[in-house]
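Report on the following structure.
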Amino acid sequence: MKNRIKELRLKYGITQQELADKVFVPSRTIISLEKQKYNSSVLLASRISGFLSYQLKRKNQAKYN
Numbered sequence: 002m003k004n005r006i007k008e009l010r011l012k013y014g015i016t017q018q019e020l021a022d023k024v025f026v027p028s029r030t031i032i033s034l035e036k037q038k039y040n041s042s043v044l045l046a047s048r049i050s051g052f053l054s055y056q057l058k059r060k061n062q063a064k065y066n
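If you count by this note's numbering, then the sequence shown holds residues 2 to 66, one letter each, in order.
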């Protein structure tokens, strides 16, 4: 299943290292996920999803303030 990690990360202006730091993994894990060479655990998928959802909320709040 294709993921949208890279697309969303770039949309929010986040580097691979920043995302890796926020979800407590090495940057090479993010690189592998983006290249579809690694399937994440449910825990990691949840962390990434949670962080990217937070970024979306932040962006939307800034848009309306």
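Beta carbons: idealized from backbone N, C-alpha and C, even for Gly.
Simplified DSSP assignment, three categories, for residue i
| i | result |
| --- | --- |
| residue 55 | helix |
| residue 5 | coil |
| residue 65 | helix |
| residue 37 | coil |
Residue i burial status per 10 Å Cβ neighbour count (16 or more: buried)
| i | result |
| --- | --- |
| residue 10 | buried |
| residue 1 | Since the first residue shown for the chain is 2 and the last is 66, residue 1 is missing from the structure and cannot be characterised. |
| residue 44 | exposed |
| residue 57 | exposed |
Residue range of the unbroken alpha helix (DSSP H) whose run includes residue i
| i | result |
| --- | --- |
| residue 26 | Looking at the DSSP string, residue 26 is not in any alpha helix (DSSP H), and its letter there is neither H nor E. |
- Message: Count Cβ pairs between the stretch 22–39 and the stretch 48–62 that sit closer than 8 Å; are there 3 or more?
- Response: yes
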